[in-house]
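For the sequence shown, the positions run 14 to 139 when the working numbering is used. Think of the CB as a built atom: it goes at the ideal place given N, C-alpha and C, for glycine as much as any other residue. Working notes for the structure below.
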Amino acid sequence: TGRRILREATVDLFFDNWLAKKGVTKGQKRLKGWHTDGRGKMGWGPLGQVSLEGRSAGAIWMGGIAGTFFAIDRKRELVCLTFTQATEAYDYYGERLWEAAKEALAAKTASNDGSSASKRYKRSTT
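This is how it looks when you write it as structure tokens:
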């Protein structure tokens, strides 16, 4: 119907890194079990992990034990959902699909703007 359910400001909160919020971290800059275990390049929000660096900065994603996975990149208008039930897959297939979707979108964008990247892509697929 096109009717807004959530305010834009509320949706923006879903994509924020809540680990940087003083109310969540009580002012700590480094959190034991997060930054000390190699997760310092990603954040965390109400919907899952938040990319902090690179082309996917601001994207969110989360995977589950049986192969469920979702990712949302608002800048690229890209959403990936997988709901497999493979008990030993964790979110492996979802992450692979997410990476493939980002690569396909990048190739499509490059082919639309006529850049040299699109020429390389076209040559490799013919």
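{"Query": "Taking only three categories from DSSP, how would you classify G122?", "Result": "In the sequence under discussion, the amino acid at residue 122 is Thr, which differs from the Gly named in the question. It is helical."}
{"Query": "How is the alpha helix (DSSP H) around A22 delimited, first residue to last?", "Result": "21-27"}
{"Query": "Quick one, are the C-beta atoms of W57 and L19 less than 7 Å apart?", "Result": "no"}
{"Query": "Pairs of beta-carbons, one from the region 64-72 and one from the region 93-100, closer than 8 Å: are there three or more?", "Result": "no"}
{"Query": "Which two residues bound the contiguous beta strand (DSSP E) that contains G58?", "Result": "55-58"}
{"Query": "The beta strand (DSSP E) that contains Q8, what's its start and end?", "Result": "Nothing about residue 8 can be read from this structure; the chain reaches only from 14 to 139."}
{"Query": "How many angstroms separate the CA atom of K115 from the CA atom of V37?", "Result": "31 Å"}
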